[in-house]
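Right, here's the structure in full:
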């Protein structure tokens, strides 16, 4: 785990999320520290992924999604009129549950973001590709096969490539939505090691169903569950050490120890 920075990178204040008439998240207030890993845990259907996607406005892509309350990246209102969603997603990158390399070469997968943002020179693109692939410990494995289709890579390697693709757009925050759930134990270990290394430079938020993973890699943990009205709520939020050793809420303890969920 990384040393937690005192500075908050992301912040929500009385956040409420609706999908049409359905109230998905209710009154969530939390501060996400810079250069640390924050895990969101809780049973299926409690709104973990919905909360994660609030921070880069991915929920905007869902018809009738609506946000009330405040969400900030540093001092900038994520949902303010002056905030461009496309520019926001360059700052707040996302790695999905299932590896989703594009049907193109390894090289083109990594540099697709920089190309879309105006980088044209071949030398610069090659430098970006090498740097990002080195950061995810893939360069030595693929440097002689950069023209190979990314779809031919093993699943775990595809996920490392997707992380490299995210790094190429130079984000400030990385969101990871159950990014190890489709991987074997060895690939999971590689990605977890990468998370820990990246947390020295980036703010990372992960959604995970694995209590063991949350305990291993995260600095902060947020436990969520559904209330009696079927609305996702934040039950408890604190350092991972505190949440897993001395939870303040009985529901948190029951979930972590396997008595609930």
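Residue numbers (the working numbering): 592 to 852.
For every residue, glycine included, the Cβ atom is placed at its ideal position computed from N, Cα and C.
Source: prediction; values computed, not measured.
Proximity of the stretch 624 to 643 to the stretch 789 to 798 meets the contact definition, three or more beta-carbon pairs being nearer than 8 Å. Note that the C-beta distance between residue 682 and residue 763 is below 7 Å. Residue 747 and residue 726 have their alpha carbons spaced roughly 15 Å apart. Cα atoms of residue 671 and residue 654: separation of roughly 19 Å, rounded to the nearest angstrom. Residue 656 is positioned such that its CB atom lies no closer than 7 Å to that of residue 704. In this structure residue 631 does not touch residue 810 by the C-beta definition: roughly 13 Å separates them, more than the 8 Å allowed. Your pair residue 686 and residue 754 checks out as a contact, with CB atoms roughly 6 Å apart and the cut at 8 Å. A check of alpha carbon separations from residue 694 across 662, 836, 742, 720 identifies 742 as the nearest.
If you check the CB distance, residue 688 and residue 784 do not come in under 7 Å.
Annotation: the continuous beta strand (DSSP E) that includes residue 617 extends over 613 to 624. Within 10 angstroms of the beta-carbon of residue 839 lie fewer than 16 other beta-carbons, which makes it exposed. Residues 701, 702, 705, 710, 759 of the same chain have their beta carbon placed closer than 8 Å to that of residue 719, with the five preceding and five following residues left out of the count.
For residue 607, the pairing in a beta bridge is given by DSSP as 659. The beta carbons of residue 790 and residue 831 sit about 12 Å from each other, so the pair does not count as a contact at 8 Å. Residue 851 sits in coil when the DSSP states are folded into three classes, being neither helix nor strand.
Within the same chain, 816, 817, 846, 851, 852 come within 8 Å of residue 634 by CB-CB distance, once the 5 residues on both sides are set aside. In the structure shown, the three-state DSSP call for residue 727 is coil.
Counting other Cβ atoms within 10 Å of its Cβ, residue 804 reaches 16 or more and is therefore classed as buried. If you compare the alpha carbons of 751, 713, 606, 745 with that of residue 730, the shortest gap goes to 751. DSSP, reduced to helix, strand and coil, places residue 629 within a strand of the structure shown. For residue 643, there is no enclosing beta strand (DSSP E); the enclosing alpha helix (DSSP H) has its first and last residue at 639 to 645.
Under the DSSP definition of a beta bridge, residue 599 partners with 624.
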